[in-house]
Amino acid sequence: MGDEGIFLIIIALLPFVGALLPGLMIRAGRNASAVFTALPTGLAIVMLLILAPAVMRGEVIRADLDWLPALGLSASFFLDGLGLLFAGMILGMGLLITLYARFYLYRTDPMGQFYTYLLLFQGAMLGIVLSNNILLLLIFWELTSLSSFLLIGYWKHLPEGRQGARMALAVTGAGGLAMIGGMLILGNIAGSYNLTDILASGDAIRASEWYLPALVLILIGAFTKSAQFPFHFWLPHAMAAPTPVSAYLHSATMVKAGVFLLARMWPALAGTEAWFYLVATTGLVTMVLGALIALFKDDLKALLAFSTVSHLGLLTMLLGFGTRLAAIVAVFHIINHLTFKAALFMTAGIVDHETKTRDIKRLGGLRHLMPVTFLIGTIGALSMAGIPLFNGFLSKEMMLEEAAHTVWAGSAWAVPVLATFGALLSVAYSFRFIGHVFLGPVRDDYPAKPHDPPFGLWAAPGLLVAFVVAIGLFPALIVGPLVAVAGGAVIGDTDLPYYSLKIWHGFTPALWMSVIAVLGGLALLWRHGALDRVWTALPRPEAKTIFDALLDALTRGARGLSERMHDGTLSRYLAIFVVATVTLGAIAWTGGGVPAPTRAPLPVSPVVAVGWLMLIAATIAVVVMHRARFQALVLIGIIGLMISAGFIYLSAPDLALTQISVETVTIMLLLLALHFLPKTTPVESPVALRLRDGVIALAAGGAVATLAHTFLLQDGSSISSYHLANSYEGGGGTNVVNVILVDFRGYDTYGEIIVLGIAGLVIFALMEALLSSPAAQRLRERAAADEGVRSRDRHPLMMVVATRVMMPIAMVVGAYIFLRGHNQPGGGFVAGLVVSIALLMQYMASGFAWTQARQRIGYHEMIGMGVIIAGLTGAGAWLAGKPFLTSAFGYFHIPPIEEFELATAMLFDLGVFLAVLGAVMLMLYSLSRLARYAGETVNIAPMDYDPTERDDEAAARKDD
Amino acid sequence: MELVIATSIGALTAGGVYLILRLRAFPVILGLALLSYAVNLFLFASGRLAVNMPPVLDKYGDASYTDPLPQALVLTAIVISFGMTAVLVMVALGAFVESGDDRINTEEDAPEGDDEPTEAPR
Numbered sequence: 004m005g006d007e008g009i010f011l012i013i014i015a016l017l018p019f020v021g022a023l024l025p026g027l028m029i030r031a032g033r034n035a036s037a038v039f040t041a042l043p044t045g046l047a048i049v050m051l052l053i054l055a056p057a058v059m060r061g062e063v064i065r066a067d068l069d070w071l072p073a074l075g076l077s078a079s080f081f082l083d084g085l086g087l088l089f090a091g092m093i094l095g096m097g098l099l100i101t102l103y104a105r106f107y108l109y110r111t112d113p114m115g116q117f118y119t120y121l122l123l124f125q126g127a128m129l130g131i132v133l134s135n136n137i138l139l140l141l142i143f144w145e146l147t148s149l150s151s152f153l154l155i156g157y158w159k160h161l162p163e164g165r166q167g168a169r170m171a172l173a174v175t176g177a178g179g180l181a182m183i184g185g186m187l188i189l190g191n192i193a194g195s196y197n198l199t200d201i202l203a204s205g206d207a208i209r210a211s212e213w214y215l216p217a218l219v220l221i222l223i224g225a226f227t228k229s230a231q232f233p234f235h236f237w238l239p240h241a242m243a244a245p246t247p248v249s250a251y252l253h254s255a256t257m258v259k260a261g262v263f264l265l266a267r268m269w270p271a272l273a274g275t276e277a278w279f280y281l282v283a284t285t286g287l288v289t290m291v292l293g294a295l296i297a298l299f300k301d302d303l304k305a306l307l308a309f310s311t312v313s314h315l316g317l318l319t320m321l322l323g324f325g326t327r328l329a330a331i332v333a334v335f336h337i338i339n340h341l342t343f344k345a346a347l348f349m350t351a352g353i354v355d356h357e358t359k360t361r362d363i364k365r366l367g368g369l370r371h372l373m374p375v376t377f378l379i380g381t382i383g384a385l386s387m388a389g390i391p392l393f394n395g396f397l398s399k400e401m402m403l404e405e406a407a408h409t410v411w412a413g414s415a416w417a418v419p420v421l422a423t424f425g426a427l428l429s430v431a432y433s434f435r436f437i438g439h440v441f442l443g444p445v446r447d448d449y450p451a452k453p454h455d456p457p458f459g460l461w462a463a464p465g466l467l468v469a470f471v472v473a474i475g476l477f478p479a480l481i482v483g484p485l486v487a488v489a490g491g492a493v494i495g496d497t498d499l500p501y502y503s504l505k506i507w508h509g510f511t512p513a514l515w516m517s518v519i520a521v522l523g524g525l526a527l528l529w530r531h532g533a534l535d536r537v538w539t540a541l542p543r544p545e546a547k548t549i550f551d552a553l554l555d556a557l558t559r560g561a562r563g564l565s566e567r568m569h570d571g572t573l574s575r576y577l578a579i580f581v582v583a584t585v586t587l588g589a590i591a592w593t594g595g596g597v598p599a600p601t602r603a604p605l606p607v608s609p610v611v612a613v614g615w616l617m618l619i620a621a622t623i624a625v626v627v628m629h630r631a632r633f634q635a636l637v638l639i640g641i642i643g644l645m646i647s648a649g650f651i652y653l654s655a656p657d658l659a660l661t662q663i664s665v666e667t668v669t670i671m672l673l674l675l676a677l678h679f680l681p682k683t684t685p686v687e688s689p690v691a692l693r694l695r696d697g698v699i700a701l702a703a704g705g706a707v708a709t710l711a712h713t714f715l716l717q718d719g720s721s722i723s724s725y726h727l728a729n730s731y732e733g734g735g736g737t738n739v740v741n742v743i744l745v746d747f748r749g750y751d752t753y754g755e756i757i758v759l760g761i762a763g764l765v766i767f768a769l770m771e772a773l774l775s776s777p778a779a780q781r782l783r784e785r786a787a788a789d790e791g792v793r794s795r796d797r798h799p800l801m802m803v804v805a806t807r808v809m810m811p812i813a814m815v816v817g818a819y820i821f822l823r824g825h826n827q828p829g830g831g832f833v834a835g836l837v838v839s840i841a842l843l844m845q846y847m848a849s850g851f852a853w854t855q856a857r858q859r860i861g862y863h864e865m866i867g868m869g870v871i872i873a874g875l876t877g878a879g880a881w882l883a884g885k886p887f888l889t890s891a892f893g894y895f896h897i898p899p900i901e902e903f904e905l906a907t908a909m910l911f912d913l914g915v916f917l918a919v920l921g922a923v924m925l926m927l928y929s930l931s932r933l934a935r936y937a938g939e940t941v942n943i944a945p946m947d948y949d950p951t952e953r954d955d956e957a958a959a960r961k962d963d
Numbered sequence: 017m018e019l020v021i022a023t024s025i026g027a028l029t030a031g032g033v034y035l036i037l038r039l040r041a042f043p044v045i046l047g048l049a050l051l052s053y054a055v056n057l058f059l060f061a062s063g064r065l066a067v068n069m070p071p072v073l074d075k076y077g078d079a080s081y082t083d084p085l086p087q088a089l090v091l092t093a094i095v096i097s098f099g100m101t102a103v104l105v106m107v108a109l110g111a112f113v114e115s116g117d118d119r120i121n122t123e124e125d126a127p128e129g130d131d132e133p134t135e136a137p138r
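So the sequences go chain by chain: Y and E. Be aware that the first sequence starts at 4, since it is given in this note's numbering, and climbs by one per residue. Be aware that the second sequence starts at 17, since it is given in this note's numbering, and climbs by one per residue.
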């Protein structure tokens with residue numbers, strides 16, 4: 004990737020980085036904010052201009068950065084003719100909009116926010132047109148939906164703005180989802196997610212049986228974005244946005260994204276019948292329908308919105324024709340439409356800004372009051388109508404020429420007639436824009452006194468109409484090369500079909516069609532008043548009502564479903580979940596068939612049989628006796644013990660150690676909890692329900708048992724041979740389980756100790772909240788009520804002494820287990836649990852306060868230290884130039900001790916040890932705080948009475 | 017031996033599922049404990065069963081070993097499931113202290129003895 008590639012990446016990133024600036028610079032004023040919006044845009048334009056000559060020569064500039072290569076997702080960008088055209092439009096218009104918006108937005112509008120959204124949107128659009136990876140393109144595609152939502156809903160105080168933004172997001176977002184599906188299919192057909200590869204394998208794509216689904220899904224995405232029928236309705240509602248947004252999103256960028264995609268995918272997808280009938284027909288219908296509705300809209304911006312819908316239909320139709328010439332015409336019209344439509348939107352914005360109304364019926368006669376605006380608006384509208392000498396005429400002529408010899412379903416007349424009709428309507432609404440706004444008598448009832456705006460507001464549309472005229476007069480000179488290179492990129496061929504950009508082509512069919520359109524359009528406008536009354540009287544489906552009803556129905560359906568399934572009854576969710584899982588599993592099971600066993604079963608020794616019997620009996624007993632809660636806990640203990648024994652028998656000493664220590668702390672925890680909870684569970688559920696649950700439980704148990712039994716008798720492949728082979732040489736330990744924990748999968752372990760630490764802190768926080776709530780007071784009262792049943796010797800002498808003696812032993816055992824962990828069963832997890840049990844015994848024997856007073860290191864700190872030590876150990880690998888958590892080890896010999904090993908993994912394990920110890924202790928400590936709060940007496944001395952006192956008494960007696 | 021482990025997993029699952037469908041918090045916690053056993057055992061068994069082959073390397077010979085990876089995964093799972101149980105216990109305890117009973121369902125004024133509609137939600 005050369006300098007050019009780096010430029011390309013910078014261009015793609017600049018708007019996103021730049022988006023931070025205006026929001027900050029607004030503190031320095033509105034001008035500063037605008038300047039710092041223009042800065043990144045301008046910089047990107049300069050870079051684009053540096054790259055432009057190479058692209059105009061026909062080169063394609065690429066930049067590739069690997070991102071997630073395993074998914075086929077790379078941050079690849081490329082710039083070809085089409086990309087250059089669109090990038091230029093996006094950035095250039097971005098600059099003009101920045102200028103226009105500076106003068107358009109009101110003093111009360113948060114301008115920094117606006118510019119930030121604008122740059123975000125600009126970046127997303129740039130991303131679409133520069134992406135060379137369809138997955139990346141999809142990401143940017145979704146980003147345009149999101150950022151346009153922010154822009155359309157910018158005037159948050161307007162309900163129309165919020166509704167319009169939601170509608171736009173719903174429609175384009177849903178289309179985007181469809182497109183993700185389509186693009187993934189496309190990538191699978193082509194075998195690559197790289198756009199250039201996909202475009203090169205057009206034949207294979209069109210021949211694939213998945214072509215049609217992919218096409219339909221991608222078209223849904225493109226049509227929703229480009230507001231094609233029947234998804235056209237969102238665009239007019241998005242007009243509630245400030246006019247700069249409308250001019251940017253709805254003339255130059257967002258709605259063109261769909262057209263861009265059609266153009267981009269043209270070499271891969273176009274040329275089939277399905278493409279022609281789907282795309283061309285949709286485009287044609289949209290063109291005519293949009294123009295028809297536009298003619299009868301009284302809102303200036305709505306008129307322009309539907310005219311945009313109509314022109315987008317025109318572009319779609321051209322691309323849908325599937326001929327190379329039509330595709331080039333489409334490119335040309337994209338440029339022309341941008342210039343006149345953006346100018347017209349800005350004109351509408353100026354009119355709105357100065358007269359405080361956009362209602363055409365309240366306007367008229369503005370040509371004397373706003374001459375400059377009149378000039379700009381008129382040039383734009385004439386171009387939109389397709390009047391000679393303006394650029395709209397040129398592309399419309401070429402469009403009609405293409406339409407004239409397009410055969411639709413055997414009819415040579417359908418497309419030309421409808422295209423002419425569309426053009427006729429277009430003339431009518433364009434002249435209406437001029438006639439009903441600027442011409443006619445001056446009125447005296449404008450909501451505000453209109454006058455021409457300051458230069459800043461008309462500079463941008465002025466520049467655009469200058470282009471309109473210049474392109475209209477000298478098309479080949481000004482945009483000829485750009486059209487050629489962009490058109491070449493669309494059709495995927497540098498060898499262009501013959502066309503010429505000029506005003507006079509002779510007496511072609513297109514010219515006559517144009518003449519009919521202009522005359523018919525004028526006639527229509529002449530009779531507009533009468534037609535308008537008919538139109539208003541006609542029953543028409545209102546898209547917003549339908550959309551709202553559809554959305555309502557969907558919401559109701561979703562709510563109904565979730566309320567049925569999720570009605571706050573936890574047992575119901577769980578039952579649904581278990582039943583669904585078992586059912587799905589059963590379906591999969593019957594579909595797959597049972598493979599024959601490939602392993603011989605191991606023999607069952609009598610001891611195992613006894614253990615099994617105990618486990619099964621204890622499980623049944625827990626279920627049967629679960630209402631007696633203490634007994635159930637004892638039985639659970641038996642199960643845990645049997646499982647630990649099973650682990651030992653089945654060559655898992657580490658698991659056995661862990662299980663048995665976890666078992667101990669779990670039982671203690673549950674005992675602590677049971678201290679406050681009711682001691683028995685009442686009979687509540689009816690027999691039928693219990694029977695139902697029993698059936699569900701047996702089904703689940705049977706399914707799991709069958710599954711386990713089946714796979715246990717199959718040979719499996721495992722990646723463990725790698726761990727076994729490298730444990731000693733790579734990890735420096737012979738206990739492979741421990742080496743996996745602290746080395747091979749150290750990152751997982753690191754995450755797990757953090758989770759455990761968080762669990763401890765959550766419990767602590769919950770307890771804090773609980774203790775400060777009024778509910779805790781009730782607990783205190785209740786505890787006071789049953790004070791009488793407590794044992795009077797709660798800290799028995801024997802136990803205190805025994806735990807005191809055992810404490811150092813337990814500590815030594817913990818240290819021993821910790822130290823041997825790397826080579827023998829043991830390690831940080833187990834050691835942490837063992838030491839916490841030793842500490843817990845002190846709490847139990849000598850009481851909470853006594854032990855707490857001797858606890859020097861807080862448990863919070865212990866968790867934190869553990870995570871930090873583990874993290875620093877991992878980060879230490881960076882110093883050695885290795886990846887995070889690479890361990891190092893060495894063997895040392897200090898006489899007279901035997902040779903011993905030191906490994907950084909041990910340091911990591913120390914972190915694990917501390918985090919586990921801290922978390923377990925914090926959990927149990929938090930629970931026991933509740934006991935203390937509930938009126939447990941606080942003992943300062945280790946025992947309930949002082950044994951030394953008795954000795955004194957005895958000594959005193961002896962003295963007597 | 018395989019049958020022993022499979023039936024143990026099955027029994028623990030069945031018991032666990034039955035208990036988590038109860039209406040009070042404590043049996044649900046017990047049920048989750050049983051389910052954790054079942055799941056841990058299931059994961060462990062995915063490395064296939066082996067007797068007398070602990071994955072501790074023997075310096076003096078080419079012994080064969082059982083699969084260490086499921087063991088490592090289960091080891092952390094055991095510890096994490098303790099953390100999870102503890103959080104659940106805390107939540108249940110909080111709910112009990114706040115509301116005065118340890119029902120798990122949030123239906124308002126549910127009649128005694130019929131805490132749940134009897135039709136099976138299938």
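Using N, Cα and C, we set each Cβ at its ideal position, and we do this for glycine too. Fair warning: this is a prediction, and the values are worked out from it, not measured in the lab.
When CB distances to chain E are screened at a threshold of 9 angstroms, not a single residue of the stretch 202-222 of chain Y falls below it.
Beta-bridge analysis with DSSP links Leu82 (chain Y) to Y:Ile64. With respect to the C-alpha of Thr350 (chain Y), the residue from Y:Ala104, Y:Val445 and Y:Gly563 having the closest C-alpha is Y:Ala104. In this structure, Ser204 (chain Y) places its C-beta atom within 9 angstroms of the C-beta atom of Ala271 (chain Y). Note: Thr683 (chain Y) is bridge-paired with Y:Ala631 in the DSSP secondary-structure output.
Excluding the 5 residues flanking it on each side, Ala880 (chain Y) has same chain C-beta neighbours closer than 8 angstroms at Pro886, Phe887, Leu888, Thr889, Ser890, Ala891 and Thr907, in chain order.
Comparing alpha-carbon positions, the option among Y:Ile9, Y:Leu108 and Y:Gly126 lying closest to Pro43 (chain Y) turns out to be Y:Gly126. Taking C-beta separations shorter than 6 angstroms and ignoring five residues to either side along the sequence, Leu554 (chain Y) has no partners in its chain. For Gln827 (chain Y), the closest Cβ of chain E is nearer than 9 angstroms. For Asp912 (chain Y), no CB of chain E lies under 9 angstroms from its own CB, so it is not counted at the interface with that chain. Taking Phe424 (chain Y) as the centre and dropping the five residues before and after it, the same chain places the C-beta of Val291 closer than 7 angstroms to its C-beta, in chain order. The C-alpha of His240 (chain Y) lies about 8 angstroms from the C-alpha of Ala171 (chain Y). Around Leu287 (chain Y), the same chain offers Met320 and Leu421 as residues with beta carbons nearer than 6 angstroms, after the five sequence neighbours per side are excluded. In the DSSP assignment, Pro71 (chain E) falls outside any alpha helix (DSSP H) and carries neither an H nor an E.
Per DSSP, reduced to three states, the secondary structure at Leu281 (chain Y) is helical.
For the pair Gly185 (chain Y) and Leu218 (chain Y), the CB atoms are nearer than the 9 angstroms cut-off. In the three-state DSSP reduction, Asp498 (chain Y) falls in the coil class, being neither helix nor strand.
Annotated as distal: Gly179 (chain Y) and Ser229 (chain Y), with beta-carbon spacing of 9 angstroms or more. Secondary structure of Asn191 (chain Y) (DSSP, three-state): helix. Boundaries of the alpha helix (DSSP H) harbouring Val113 (chain E): Pro84 to Ser115, taken from the DSSP string. Val440 (chain Y) and Gly367 (chain Y) do touch by the CB rule: their CB atoms are close to 7 angstroms apart, below 8 angstroms.
The alpha-carbon separation between Gly893 (chain Y) and His825 (chain Y) amounts to approximately 13 angstroms. Distance from the CA atom of Leu85 (chain E) to the CA atom of Ala848 (chain Y), rounded to whole angstroms, is 39 angstroms. Among the residues facing chain E, Trp592 (chain Y) is not included, as its CB has no counterpart in that chain under 9 angstroms away.
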